[in-house]
Amino acid sequence: MTSTKEIPSTILIVGSGTFGLSTAYSLTQNPLFASSKITLIDRLPFPASDAASIDTSRIIRADYADIAYSSLAFEAQEKWRNEWWGDGIYHETGLAVVVNSGLSDKANNGELGREYMRKSMENVLKLGLKTGTKSNGGDVEELQTTTDIRRVFNDDSPGAAAKAQQERPEQKTSLAGDFGYVNWRSGWADAEKAMRALRAKLEATNRVDFVHGTVKRLRFSSSAVEGVQLADGASHSADLVMLATGAWTPALIDTRGVCSATGQCLAYLPIDAREQHALGDCPTLLNESSGLFMIPPQGNILKVARHGYGYINPTTIPHPEKDGETITVSLPRTHITHPGQGLPKEGLDACRGFLHDVLPSFKGRQFTNSRICWYTDTAKGDWILSYHPKYKNLFVATGGSGHAYKFLPVVGDKIVQCVLGKTPDLFKGKWEWPERAEEDQIYTTDWRGGMKGMILEDEIAKSRKESKL
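Numbering (my numbering), first residue to last: 148 to 616.
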């Protein structure tokens, strides 16, 4: 299967998120697969509202400490700017990458965030961006103080930083950050709108059979996967089975010590037309000491979120590969399975504190909606784009680790290269099936905010208890 000569006649893709949908489209565009029958299965009608790729916005950045991902992001950004995504999808309003010198390194992964920021800036400059202010034609502008950071958010009014510090005196520095840089050649995308555009493009090929159904289990033989069985009893077979099931992957194969599902904080605030006008063209603010970030609003909705270690949801399930055994893994718990579920108080408080510190005029404003977005984390934050080591015709595309969406225009092509045994040189050793870690639960070792080990059910229980006090 790893030879370019062994082209499967039937391909079954499970999952239509970033990896699955982009792969399906890339297969239809590759002449090697012109005769392959492609089926795409998803548990919910498209677009699944609890999928990580379906949201108001996602950051589009080339700002990586790893030059391989920076280079790939540059490639993706050219397509975001110049291809068929359509109006109102990609917005290149800049990205401010900042850190805090005053936050505890141990509690907030501080030094790791600072080092990541420095390397990110070095890499975008290595790839050709120029230093200098935006008004003078520069791409990357250093931000030396909190005042510099507030200036790029159109909040350079006298006393803005002092007001924020006065309201949160226990902090030595503002959560808006102390220093960093702004990359005016990064931005953000309307996540759901881009996914809908890609889906329409895929449907127009008339090459894919779309199936709505929940995959209950894979149908294993001794060294291969024959296909999948759905919850309604139906089954589908294929020469090549591809899992692009994101945070639901641990329910279908044993990924303990390889990748884990973690729940991330997203919170939304309605704003008025004046505020939309003032903030709509500001850069995204990403604090790599706390993991908190704010994306410019659209449609009078402002989003604040956290790229953190996340919540885990330990769930005991039948072993997906061995009859008669059970395993405990973290699996998504979403507003689909638990209607009305929002963020625990811990997550809301973190997002609210960031909002009020970045925009002091928003003091006292409350989020009206929140959700948990589920990542599939790997130990190093590298994706898994690999054949399974045990099942020769099972290809797994997972482990997005919270940074896959921005590559939507190109990642399908890279996955197809991996299917053909031609992993891009920059990513050899990164995307292969990893060695199993000693611990079942995986926490990514890149920069993150929040705390490790927060159990979602426990945090929900704490929220309920505090609400009754």
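Where is the CB? At the ideal position from N, CA and C, for every residue including glycine.
Quick caveat: nothing in here was measured; it's all calculated off a predicted structure.
Secondary structure of residue i, DSSP reduced to three states
| i | result |
| --- | --- |
| F357 | strand |
| D302 | The predicted position of D302 is uncertain, since its pLDDT is 49 and thus under 50; a value taken from the coordinates is nonetheless stated next. DSSP places D302 in coil when its eight states are reduced to three. |
| A307 | Any reading at A307 is ruled out, since the residue's pLDDT is 41, under 50, leaving its predicted position unreliable. |
| V388 | strand |
| Q445 | strand |
| I483 | coil |
| W580 | coil |
| C128 | For residue 128 there is no data in the structure shown, the boundaries of the chain being 148 and 616. |
| P638 | Only positions 148 to 616 of the chain appear in this structure, which leaves residue 638 out of reach. |
| N229 | helix |
Beta-carbon contacts of residue i that lie in its chain and below 7 Å, excluding the five residues immediately before and after
| i | result |
| --- | --- |
| I207 | Q224, W227, Y237, S333, G334, W335, A336, K553 |
| M264 | V244, V246, G327, E435 |
| V566 | F542 |
| P571 | K561, Q564 |
| F509 | L502, H503 |
| F193 | S163, R346 |
Residue i versus the options, residue with shortest Cα-Cα distance
| i | options | result |
| --- | --- | --- |
| P465 | Q488, P417, P397, F180 | P397 |
| I620 | I483, T462, A323, L349 | In the structure displayed, the chain extends from 148 to 616; residue 620 sits before or after that span and is not available. |
| G275 | D325, D286, S282, G549 | D286 |
| D202 | I448, K277, T525 | I448 |
| S200 | K612, A497, R512, G393 | G393 |
| T361 | L426, L219, D189 | D189 |
| N516 | C498, V329, D524, V355 | C498 |
| G576 | G547, G167, A215, S169 | A215 |
| G500 | F221, T170, D197, L439 | L439 |
| L433 | E222, M601, G600, I296 | I296 |
| H485 | E604, T175, V451 | E604 |
| V329 | V358, Q291, H359 | Q291 |
| G597 | A198, P536, S437, R298 | S437 |
C-alpha gap between residue i and residue j, whole angstroms
| i | j | result |
| --- | --- | --- |
| R364 | G164 | 19 Å |
| W232 | S368 | 41 Å |
| R583 | T431 | 36 Å |
| A209 | L555 | 13 Å |
| T280 | L272 | 14 Å |
| D428 | K340 | 19 Å |
| L413 | K266 | 27 Å |
| R595 | S156 | 42 Å |
| P491 | Y456 | 15 Å |
| R205 | I442 | 8 Å |
Cβ shell of residue i (< 6 Å), same chain only, five flanking positions each side left out
| i | result |
| --- | --- |
| E493 | E606 |
| Q488 | H482 |
Same chain, Cβ closer than 8 Å to residue i, five either side skipped, listed in chain order
| i | result |
| --- | --- |
| Y172 | L345, K348, L349, T352, G559 |
| S382 | R366, G374, V375, Q376 |
| L399 | V161, V362, R364, L365, L390, T392, P467 |
Short CB-CB distance (under 8 Å) between residue i and chain B
| i | result |
| --- | --- |
| I459 | Structure shown: chain B not included; a single protein chain is present. |
Could you say if the segment 323–341 and the segment 231–248 meet the contact criterion of at least three C-beta pairs nearer than 8 Å? yes
Below 8 Å, how does it come out for the segment 414–428 and the segment 180–197: are there three or more Cβ pairs, yes or no? Short answer: they don't touch.
Specify whether the segment 378–390 and the segment 471–485 touch according to this definition: at least 3 beta carbon pairs, one from each stretch, less than 8 Å apart. no
Counting pairs of Cβ atoms below 8 Å between the segment 524–538 and the segment 401–418, do you hit three or more? yes
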